[in-house]
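For the sequence shown, position 76 matches number 80 in our numbering, and the numbering has no gaps at all.
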Amino acid sequence: MFGRAVALVLVYAFATIAGGALFVGLLRMASAALGPGVMFYRGVGALVVVCLLLIVLLAELLSRAPRRFGLDIADSFGSALVATSLLFAAFVLGPVTVDRSISVFMLSRFEAADRPLTEQEARDAFVRVYVNDWAQIDRRIREQELSGNLERASAGWRLTAQGGAFMKTARAMSGVFGGDPRFVGRGESRAQTYGEPGEAK
């Protein structure tokens with residue numbers, strides 16, 4: 005029993021390390037072949053491929069493992085799923101957060117500066133570089149259109165039914181966990197958002 009437990013820990017560790025290497029390789033190949041894109045969606049697609057590859061690889065390895073360890077083909081599914089879940093959690097908490105984080109961008113400005121920056125200078129850099137030069141608002145509009153949360157209208161974009169459902173879910177989660185209500189539109193009037201009352205048709 006103890007031997008099987010130790011063997012399972014080693015198998016799970018191997019699956020996670022091997023899966024991580026495959027995952028990074030697939031993401032780099034996708035970036036090289038397709039150019040910039042939505043990292044989250046590419047990551048999810050890559051993880052599906054990684055999970056399938058791990059199942060095949062581990063099934064082959066475990067079929068050759070000594071019987072005294074008590075391992076079988078079914079363990080390949082469990083270890084592949086656990087490894088994929090761990091990689092997904094690390095992916096969302098790490099690369100995806102960094103890729104989309106305003107805080108990381110702000111810190112990069114301070115790192116690049118050869119002197120202390122004031123709040124106004126940091127604010128100006130954000131608007132000039134992040135919003136204008138890098139077109140990050142445009143990028144996020146395209147991402148949300150691709151996701152199905154926004155759709156084109158005659159005068160721009162508007163929220164879809166799916167987008168409305170997403171915002172309701174976001175507000176509910178924000179309320180439960182005490183998030184900043186402004187980021188999900190809780191308690192914010194349209195006049196505060198656009199500077200004037202009324203709704204564009």
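Every residue, glycine too, gets a C-beta built ideally from N, C-alpha and C.
Taking every protein chain shown into account, the CB of L154 has 16 or more other CB atoms within 10 angstroms, so this residue is buried. Y134 and I77 have their alpha carbons spaced roughly 50 Å apart. From the listed residues G160, L51 and F170, the smallest Cα separation to A93 is found for L51. Around the beta-carbon of L26, 16 or more other beta-carbon atoms lie within 10 Å, marking it buried. Taking C-alpha positions only, G160 is separated from L97 by approximately 32 Å. Taking 9 Å as the cut-off, the Cβ atoms of V42 and E147 count as close. Non-local C-beta neighbours of R144 in its own chain, meaning closer than 7 Å and more than five positions away in sequence, are absent. Remark: C-beta atoms of F181 and V100 do not approach each other more closely than 9 Å. In the structure shown, A157 falls within a strand segment according to DSSP collapsed to helix, strand and coil. For L38, DSSP records no beta bridge to any residue. Judged by DSSP in its simplified three-state form, R162 adopts strand. One alpha carbon belongs to E115, the other to L61, and they sit about 43 Å apart. Bounds of the alpha helix (DSSP H) holding S107 are I106 to A116. Contact between the stretch 102-110 and the stretch 122-134 is established, with three or more Cβ pairs separated by less than 8 Å. Non-local beta-carbon contacts of A11 in its own chain, meaning distances under 8 Å to residues more than five positions away in sequence, involve A69, F73, G74 and L75 in chain order.
Note on geometry: alpha-carbon atoms of G7 and D79 lie some 15 Å from one another. Rounded to the nearest angstrom, the gap between the Cα atoms of D184 and S105 is 16 Å. Note on geometry: alpha-carbon atoms of L150 and V188 lie some 20 Å from one another. According to the DSSP assignment, I77 belongs to no alpha helix (DSSP H), since it is labelled neither H nor E.
Between L121 and D103, the alpha-carbon positions lie close to 23 Å from each other.
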